[in-house]
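To start, the structure under review is shown below, and the notes come after it.
4 protein chains.
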Amino acid sequence: MTRLHVPTRLRWSDLDAYGHVNNAAMLRLLEEARIDAFWSRDDPSAEAMATAVLDGRTDSQTMTLIARQELEYLLPIPYLRSPLDIQLWIGRLGGASLEVCYEVWSPVGVAPAQLFTRASTTIVLVDADTDRPRRISDVERAAWTPFVEEPLTFRRH
Amino acid sequence: MTRLHVPTRLRWSDLDAYGHVNNAAMLRLLEEARIDAFWSRDDPSAEAMATAVLDGRTDSQTMTLIARQELEYLLPIPYLRSPLDIQLWIGRLGGASLEVCYEVWSPVGVAPAQLFTRASTTIVLVDADTDRPRRISDVERAAWTPFVEEPLTFRRH
Amino acid sequence: MTRLHVPTRLRWSDLDAYGHVNNAAMLRLLEEARIDAFWSRDDPSAEAMATAVLDGRTDSQTMTLIARQELEYLLPIPYLRSPLDIQLWIGRLGGASLEVCYEVWSPVGVAPAQLFTRASTTIVLVDADTDRPRRISDVERAAWTPFVEEPLTFRRH
Amino acid sequence: MTRLHVPTRLRWSDLDAYGHVNNAAMLRLLEEARIDAFWSRDDPSAEAMATAVLDGRTDSQTMTLIARQELEYLLPIPYLRSPLDIQLWIGRLGGASLEVCYEVWSPVGVAPAQLFTRASTTIVLVDADTDRPRRISDVERAAWTPFVEEPLTFRRH
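Protein chains in written order, with my numbering: chain A, 536 to 692; chain H, 536 to 692; chain F, 536 to 692; chain X, 536 to 692.
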């Protein structure tokens, strides 16, 4: 599997009154991992992922809209100071949209490794001027194709 | 259909830099609607839903853990001062878990009504002492059964 | 005293792992009270405060920027289903800025009433086109003057 | 000056609909910097600050409660991928409380450096069993004394 590994730090405020990472906070964490994976960096000194070819500035031509998300919470996540190991790949690469798949693992080096959450997000690229979907460009497709793997299948109820 | 209608207010901070309700904020909104629907109220003067038989206090015997969630975002939600009309029902009532289904609609009275988001959440009732699932009680089952309807089916990618 | 009373609901996610309303969540609550007090409503059926003469839409001509805030946390706030009674007045009305003062009280009807938090916010009105402060208009000043009272004085350390 | 420098990353969701870091999000950022500065780490491989002698686990004997906060927002903060340089010192070391002072600067290496926000937080150490303030221990005082400097003075309105 060719997965991206995005170390993603919790914040203490991600915990809820049960002392676990709140289910909604998980979407913030996936958002941060996704930005690291897909948004290019202004800062030339910073390491960027090979997939980071989207321009995420708020005045850029492209907005990334979320069309659907699915999450399976396997284990409650306690407060951890070391970053989660969010593993990320592309489950489907369409015309104007893609499905991002994630596995959220315990911090690298913690044994035994624990799989906390599995999730997928369908993203649509939208032209900021017309508010309409726009096609994935050749540059984007070339950057993303190496990371296309089998999509997650979730347990049915 | 026997649905609960839970008026649920946005906060301005639910918007992100695109000026829409953020995808993760939606889970906070569903959480608020769910609490109104399922958690009993201390306050005897307050109107409670017929389904509100769970004790949501942090020192209560039951925790409600989220096992899975699925969301389909149909339309971006702008900032709205009037409460969203979150419609909620039970798509499946199991032994120790239930599936809550939601449709998130524009505020009551706005025409034409718009369906913004469809979602479902699988909740497991967990005993706070043992950290293990516990069975749905007879009182809970009696309160919830009238609101069981067909679960949502989501569009497949 | 001529204070505005803005009933403001907690969300369960305002609690942190200690089971209290998080200190940062308080600023979200004050923001909501402030919007109710100062932003006009599109919805003609909705009750608006006399002070609600600012246009809060994201495409409006005015942005309200926060220049400073001061908060004194007197008592931890538990999870409450009934809205907090946020009392709000104007401690100073300047040329392009104003100081809003708040007292955050337990829900109306709970005895004895408890004062949880005291706070103040200095707001600057900024022209969205020029990004520069703009003067408080005559309409705004007329609406706000009746609510000017002594500003809070905070306990010094 | 002996200041701690705590690199602190923004999240995209810290932005509000104006495209700036929201004023309430700033308190989350200061919280993260404070945790890095004061909470010990389980992970022996991780670098910890000399000041990190508080046990921040939710089952520990000490809770850190916030008694007051003051913030001065000097410049709006745009979305930045590189971490903010939060500079932190102790403005006052009392019997059971301390005042933490912060300056929030643009990322290290960006020229010219920009000072975005100045802030202070008064923290009370509370015994988790009795819910009452407890004295700063000798170990804590020894760790923290080298970082005591002049407290911030805020501009008066």
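Here a beta-carbon is modelled for each residue, glycine too, at the ideal position from N, C-alpha and C.
Point to revise | Collapsed DSSP secondary structure at Pro-647 (chain H) in the structure displayed | key: Indexing the second sequence from 1 puts residue 647 (chain H) at position 112. Coil at Pro-647 (chain H), not helix or strand.
Exercise for review: Return the residue from the list F:Thr-586, F:Asp-578, F:Val-645 that minimises the CA-CA distance to Asp-673 (chain F).
Suggested key: Mapped onto the third sequence, residue 673 (chain F) falls at position 138. If we check each option's Cα against that of Asp-673 (chain F), F:Thr-586 comes out closest.
Practice item. Would you mind reading off the limits of the alpha helix (DSSP H) that contains Asp-571 (chain X)? Key: Residue 571 (chain X) sits at position 36 when you count from the first residue of the fourth sequence. First-last of the alpha helix (DSSP H) with Asp-571 (chain X): 558-573.
Review point. What in chain X is Cβ-close to Glu-566 (chain F), meaning under 9 Å?
Key: As a first step, residue 566 (chain F) must be located in the third sequence, where it is residue number 31. Per Cβ cutoff of 9 Å: Asn-557, Asn-558, Ala-559.
Review point. Name the residues in the stretch 633-646 of chain F whose C-beta lies less than 7 Å from a C-beta of chain A; which are they?
Key: none
Point to revise | Within 7 Å, strictly: CB atoms of Arg-546 (chain H) and Pro-618 (chain H) | key: Indexing the second sequence from 1 puts residue 546 (chain H) at position 11. Indexing the second sequence from 1 puts residue 618 (chain H) at position 83. Against a cut-off of 7 Å, the Cβ pair of Pro-618 (chain H) and Arg-546 (chain H) comes out as no contact.
Review point. Could you give the distance in angstroms between the alpha-carbon of Val-683 (chain F) and the alpha-carbon of Arg-690 (chain X)?
Key: As a first step, residue 683 (chain F) must be located in the third sequence, where it is residue number 148. As a first step, residue 690 (chain X) must be located in the fourth sequence, where it is residue number 155. Taking the straight line from one Cα to the other gives about 22 Å.
Check your understanding: How is the alpha helix (DSSP H) around Val-683 (chain H) delimited, first residue to last?
Key -> Along the second sequence, one-based indexing puts residue 683 (chain H) at 148. No alpha helix (DSSP H) holds Val-683 (chain H); DSSP gives it neither H nor E.
**Study point:** Beta-carbon proximity list for Leu-564 (chain F), same chain, < 6 Å, skipping 5 on both sides
**Key:** Within the third sequence, numbered from 1, the residue matching residue 564 (chain F) stands at position 29. So the list reads Thr-543, once near-sequence residues are dropped.
**Study point:** Candidates H:Glu-567, H:Thr-537, H:Glu-605, H:Ala-677, of which the one nearest Arg-653 (chain H) by Cα
**Key:** Counting from 1 along the second sequence, the entry for residue 653 (chain H) is found at position 118. It is H:Glu-605 whose Cα lies nearest to the Cα of Arg-653 (chain H).
**Study point:** Short CB-CB distance (under 7 Å) between Trp-547 (chain X) and chain A
**Key:** If you number the fourth sequence from 1, residue 547 (chain X) lands on position 12. Yes, contact with chain A.
Check your understanding: So, is Val-643 (chain A) buried or exposed, given that buried needs 16 or more other C-beta atoms within 10 angstroms?
Key -> If you number the first sequence from 1, residue 643 (chain A) lands on position 108. By the 10 Å Cβ count, Val-643 (chain A) comes out exposed.
**Study point:** DSSP bridge partner residues for Ile-601 (chain A) (one or two, in chain order)
**Key:** The residue labelled residue 601 (chain A) in the question sits at position 66 within the first sequence. In DSSP, Ile-601 (chain A) forms a bridge with A:Ile-658.
Exercise for review: Starting from Trp-624 (chain X), trace the beta strand (DSSP E) both ways and give me its first and last residue.
Suggested key: Numbered from its first residue, the fourth sequence carries residue 624 (chain X) at position 89. Counting along the chain, the beta strand (DSSP E) containing Trp-624 (chain X) begins and ends at 619-628.
Review point. Cα-Cα, which of H:Thr-593, H:Gln-622, H:Thr-688 is closest to Leu-550 (chain F)?
Key: For the purposes of this step, residue 550 (chain F) is identified with residue 15 of the third sequence, where counting begins at 1. When each option's Cα is compared against that of Leu-550 (chain F), the closest is H:Thr-593.
Review point. Out of X:Phe-651, X:Ile-612, X:Asp-662, X:Trp-679, which has the shortest C-alpha to C-alpha gap to Leu-628 (chain X)?
Key: Walking along the fourth sequence from the start, residue 628 (chain X) turns up at place 93. The option with the nearest alpha carbon to Leu-628 (chain X) is X:Trp-679.
Check your understanding: Do you know offhand how far Leu-539 (chain X)'s Cα is from Ser-575 (chain X)'s?
Key -> Taking the first residue of the fourth sequence as 1, we reach residue 539 (chain X) at position 4. Taking the first residue of the fourth sequence as 1, we reach residue 575 (chain X) at position 40. Roughly 15 Å separates the two Cα atoms.
Check your understanding: Is the stretch 565-572 of chain F close to the stretch 567-583 of chain A, with three or more CB pairs under 8 Å?
Key -> no
Point to revise | Cross-strand partners of Arg-653 (chain A) (DSSP beta bridge) | key: Within the first sequence, the letter at position 118 stands for residue 653 (chain A). Arg-653 (chain A) is bridged to A:Glu-607, A:Glu-638.
Review point. Quick one: which chain X residues come within Cβ less than 9 Å of Asp-551 (chain H)?
Key: Along the second sequence, read from residue 1 onward, the residue named residue 551 (chain H) stands at position 16. Those are Trp-547, Ser-548, Leu-550, Asp-551, Ala-552, listed as they occur along chain X.
Review point. Nearest to Gln-649 (chain X) by alpha carbon, out of X:Ser-548, X:Leu-609, X:Val-556, X:Ser-595?
Key: Numbered from its first residue, the fourth sequence carries residue 649 (chain X) at position 114. Looking at the Cα atoms, X:Leu-609 is the closest of the given residues.
Exercise for review: Kindly indicate if chain A contains any beta-carbon less than 7 Å away from that of Glu-684 (chain H).
Suggested key: Within the second sequence, residue 684 (chain H) is the residue found at index 149, counting from 1. Chain A contact via Cβ: absent.
Practice item. Anything in the stretch 593-617 of chain A with a Cβ closer than 8 Å to a Cβ of chain H? List those residues in chain order, please. Key: Thr-593, Met-598, Leu-600, Ile-601, Ala-602, Arg-603, Gln-604, Glu-605, Leu-606, Glu-607, Tyr-608, Pro-611
Practice item. Give the interface partners of Ala-572 (chain A) over in chain X, defined as CB-CB distance under 9 Å, in chain order. Key: The residue you call residue 572 (chain A) lines up with position 37 of the first sequence. Under the 9 Å cutoff, chain X gives no residues; its nearest Cβ is about 13 Å from Ala-572 (chain A).
**Study point:** Distance between Asp-620 (chain X) and Ala-646 (chain X) (C-alpha atoms, nearest Å)
**Key:** Position 111 of the fourth sequence, counted from the start, is the residue given in the question as residue 646 (chain X). Position 85 of the fourth sequence, counted from the start, is the residue given in the question as residue 620 (chain X). Rounded to the nearest angstrom, the two C-alpha atoms are 13 Å apart.
Exercise for review: For my contact list, Gly-554 (chain A) and Ala-552 (chain F) are in at a C-beta cut-off of 8 Å; report their separation, rounded to the angstrom.
Suggested key: Here residue 554 (chain A) refers to the residue found at position 19 when the first sequence is read from its first residue. Here residue 552 (chain F) refers to the residue found at position 17 when the third sequence is read from its first residue. 5 Å between Cβ atoms; contact.
Review point. How would you call Glu-567 (chain H), buried or exposed, if buried means at least 16 neighbouring beta carbons within 10 angstroms?
Key: Against the second sequence, residue 567 (chain H) aligns to sequence position 32. By the neighbour-count rule (16 or more Cβ atoms within 10 Å), Glu-567 (chain H) is buried.
Check your understanding: Whose CA, out of X:Val-659, X:Ala-663, X:Tyr-637, lies closest to the CA of Gln-596 (chain X)?
Key -> As a first step, residue 596 (chain X) must be located in the fourth sequence, where it is residue number 61. Checked all of X:Val-659, X:Ala-663, X:Tyr-637; the closest Cα to Gln-596 (chain X) is X:Ala-663.
Practice item. Using the Cα positions of Asn-558 (chain A) and Pro-611 (chain A), report the straight-line distance between them to the nearest angstrom. Key: For this step, residue 558 (chain A) is matched to residue 23 along the first sequence. For this step, residue 611 (chain A) is matched to residue 76 along the first sequence. Distance between the alpha carbons of Asn-558 (chain A) and Pro-611 (chain A): 9 Å.
Review point. Once you ignore the five residues that flank Leu-589 (chain X) on each side, which residues in its own chain have a CB closer than 6 Å to its CB?
Key: By 1-based counting over the fourth sequence, the position of residue 589 (chain X) is 54. Answer for Leu-589 (chain X): Phe-573, Trp-574, listed in chain order.
**Study point:** Residue from A:Pro-681, A:Leu-615, A:Arg-670, A:Pro-686 whose Cα sits closest to the Cα of Thr-599 (chain A)
**Key:** Working through the first sequence from its first residue, we reach residue 599 (chain A) at position 64. For the residues A:Pro-681, A:Leu-615, A:Arg-670, A:Pro-686, the minimum Cα distance to Thr-599 (chain A) belongs to A:Arg-670.
Check your understanding: How big is the Cα-Cα spacing for Thr-615 (chain X) and Glu-634 (chain X)?
Key -> Taking the first residue of the fourth sequence as position 1, residue 615 (chain X) is located at position 80. Taking the first residue of the fourth sequence as position 1, residue 634 (chain X) is located at position 99. At residue 615 (chain X) the sequence reads Leu, which differs from the Thr that was named. Distance between the alpha carbons of Leu-615 (chain X) and Glu-634 (chain X) is about 28 Å.
Practice item. Confirm the yes/no value for this check: CB of Leu-615 (chain X), any heavy atom of the ligand NAD, distance under 6 Å. Key: As for the ligand NAD, it is missing from this structure, which has no ligand bound.
Check your understanding: Apart from the five residues just before and just after Val-639 (chain F), which ones in its own chain have a Cβ nearer than 6 Å to its Cβ?
Key -> Sequence index remark: in the third sequence, residue 639 (chain F) carries index 104 (1-based). Taken in chain order, the residues that qualify are Leu-619, Ile-621, Phe-651, Thr-652.
**Study point:** For Val-541 (chain X), the first and last residue of its enclosing alpha helix (DSSP H)
**Key:** Stepping through the fourth sequence from its first residue, residue 541 (chain X) is reached at position 6. Val-541 (chain X) -> not in any alpha helix (DSSP H); beta strand (DSSP E) instead, spanning 539-543.
Exercise for review: Measure from the alpha carbon of Leu-602 (chain A) to the alpha carbon of each residue in A:Val-661, A:Tyr-637, A:Glu-582, A:Ala-583, then state which is nearest.
Suggested key: Here the question's residue 602 (chain A) lines up with position 67 in the first sequence. First, the amino acid is wrong: residue 602 (chain A) is Ala here, not Leu. Taking only the C-alpha atoms, the option nearest Ala-602 (chain A) is A:Val-661.
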